[in-house]
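Worksheet: the structure to be examined is printed underneath.
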Amino acid sequence: MVMAKGRRLLALLMAVLICGAVGISGCNEKDDKNVKNEKALHDEANLSSSKSESAVREQAKTVLCIDPGHPSDGDDGLTVQHGLREADVTLQVGQRLASILEKKYGFQVILTRQDKETIVSNQARARKANEAQAALFFRLHCDSEPSEKRTGFAVYYPDRQGTVDGVTGPSTVVIEKSRVAAEAIHQELAEGMGEQLKDNGVRTDAQTYIGGKQGALTGSIYSQVPVALVEMVFLSNQRDAQFIGSPEGQERMADSLAKGIVKFLKTN
Ligand SMILES: [Zn+2]
């Protein structure tokens, strides 16, 4: 009996020990799992934070060249239409666009001019984009015609090489990327402007007066980086001019253009 009692005691003791061991090991396993989960979450958090940090670093290295059109060699852009001058409007929208691209998206932006009346040639504008090795040389303009009739925006890109002053360009790589840029920007612009402005689509440099003669616009010919140009409105149309003359209209335009540029950079 003693023996039996002893065995029972031993069995009980062993059972307690085993249960305890299982309990402890179970607990440890649970703890271990928790630790692993916490570690995984922690690692994931680290990974995502390092991803976003590297993405931010990448964006900070990406330079965009924004070109507020005029005053240039061919046209000073200082003719007043419905109380506005093209050179002023392009600078105002250009500064808003630069600010959105820098502050909201973290890109580095250079403007081809900061000043209202200094003449900067189209060749010099392209050179600034080339020297900065910009991911995009993006040019802001407003269209105009003798009547009030035509309205709306269009996005232009070079679809073939042109020649000016013995220089031929842009390269086929630049032509292809410029098309992708123009299409992305046009898409966002069409969505952002809604019923406000007429959509005149994506067009080519060759469809412009100067581009038709040279094969491409001067700025495109000299550009060694992807290049696109937007005619934001017809300043000769009162409704268009009112829209682009207002801070709200300018901000809405700049916001859509920024979205289009970001869309292009994502596909690039
Ligand atoms: Zn212009």
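Note that the sequence shown covers residues -24 to -1, 1 to 244 in mature numbering (1 follows the signal peptide of the UniProt record, and there is no 0).
A virtual CB, placed ideally from N, CA and C, is assigned to each residue, including glycine.
Item: Does the Cβ of histidine 117 lie closer than 7 Å to at least one heavy atom of ligand 1?; Value: yes
Item: Within the same chain, show all residues whose beta-carbon is closer than 6 Å to that of threonine 194, passing over the 5 residues directly before and after it, in chain order.; Value: Asn98, Val140
Item: Taking Cβ positions, are glutamate 93 and proline 122 nearer each other than 8 Å?; Value: no
Item: Grab me the residues of leucine 54's own chain with a C-beta within less than 7 Å of its C-beta, minus the 5 sequence neighbours each way, in chain order.; Value: Pro47, Arg61, Ala63
Item: According to DSSP, proline 44 sits in a beta bridge with which residue or residues?; Value: Leu116
Item: What residue ranges within the segment 72 to 119 form continuous alpha helix (DSSP H) runs of no fewer than 4 residues, ordered along the chain?; Value: 98 to 107
Item: With respect to the beta strand (DSSP E) encompassing valine 203, which residues constitute its N-terminal and C-terminal limits?; Value: 203 to 210
Item: Would you kindly work out how many angstroms separate the C-alpha atoms of asparagine 176 and isoleucine 95, rounded to a whole number?; Value: 29 Å
Item: Taking just the CA atoms, how far does aspartate 51 sit from lysine 240?; Value: The sequence given here has phenylalanine at residue 240, not lysine. Between phenylalanine 240 and aspartate 51, the C-alpha separation is close to 29 Å.
Item: For a test of the three-state rule: what should DSSP assign to aspartate 175, helix, strand or coil?; Value: strand
Item: Taking the alpha carbon of glutamate 164 as the point to measure from, which residue in Asp49, Glu34, Phe129 has its own alpha carbon closest?; Value: Phe129
Item: What first and last residue would you give for the beta strand (DSSP E) that runs through alanine 130?; Value: 129 to 133
Item: Using the rule of at least 16 other Cβ atoms within 10 Å of the residue's Cβ for burial, across every protein chain shown, is glutamate 207 buried or exposed?; Value: buried
Item: If you drop the 5 nearest sequence neighbours on each side, which residues of the same chain put their C-beta closer than 8 Å to that of threonine 127?; Value: Leu173, Lys174, Val209, Phe210, Asn213, Arg215, Asp216
Item: Is the beta carbon of arginine 72 less than 8 Å from the beta carbon of glutamine 226?; Value: yes
Item: Could you check which residue in Ile42, Cys118, Leu77 has the C-alpha nearest to that of valine 65?; Value: Cys118
Item: Nearest by alpha-carbon distance to glycine 138: which of Ala157, Tyr198, Ala160, Arg89 is it?; Value: Tyr198
Item: Does at least one heavy atom of ligand 1 sit under 7 Å from the Cβ of glycine 128?; Value: no
Item: Have a look at valine 39 and phenylalanine 83 and give me their C-alpha separation to the nearest angstrom.; Value: 6 Å
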